[in-house]
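Notes follow once the structure below has been shown.
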Amino acid sequence: MRTGVLASPALEAAAGEDPAVADAVGRAADLAPLRGNADVGEVAGAVAWLASHDAAYVTGIVLPLDSGLGIGLGL
Numbered sequence: 001m002r003t004g005v006l007a008s009p010a011l012e013a014a015a016g017e018d019p020a021v022a023d024a025v026g027r028a029a030d031l032a033p034l035r036g037n038a039d040v041g042e043v044a045g046a047v048a049w050l051a052s053h054d055a056a057y058v059t060g061i062v063l064p065l066d067s068g069l070g071i072g073l074g075l
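Numbering (the working numbering), first residue to last: 1 to 75.
So this is what it looks like as structure tokens:
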């Protein structure tokens with residue numbers, strides 16, 4: 001998996017303490033076509049799906065979970 005910025009309690013705390021972190025998180029959200037950052041629950045859901053029988057034939061991929069940030073950055 002390739003994640004972008006993940007909204008989490010730790011990140012929220014860091015952003016509350018450091019304006020530069022808050023600015024970077026906001027810029028990442030603005031660059032993502034879906035205009036937001038994934039949260040850890042969304043990533044956990046993707047992990048659970050990959051571990052399930054429904055994904056039994058999924059092999060050799062890098063799954064982007066980045067709200068489209070990779071596209072916004074031209075990756």
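Don't be surprised by glycine CBs; every beta carbon is placed ideally from N, CA and C.
Note that the C-beta distance between valine 62 and alanine 28 is not below 8 Å.
Contact check for alanine 24 and aspartate 66: beta-carbon distance about 15 Å, past the 8 Å limit, so the pair fails to qualify. Counting along the chain, the unbroken alpha helix (DSSP H) around alanine 46 starts and ends at 40-51.
With fewer than three CB-CB distances shorter than 8 Å, the stretch 42-55 does not count as touching the stretch 8-25.
At a Cβ-Cβ threshold of 8 Å, valine 40 and serine 8 count as neighbours.
About 5 Å separates the CB atoms of glycine 68 and alanine 32; that is less than 8 Å, so the two are in contact.
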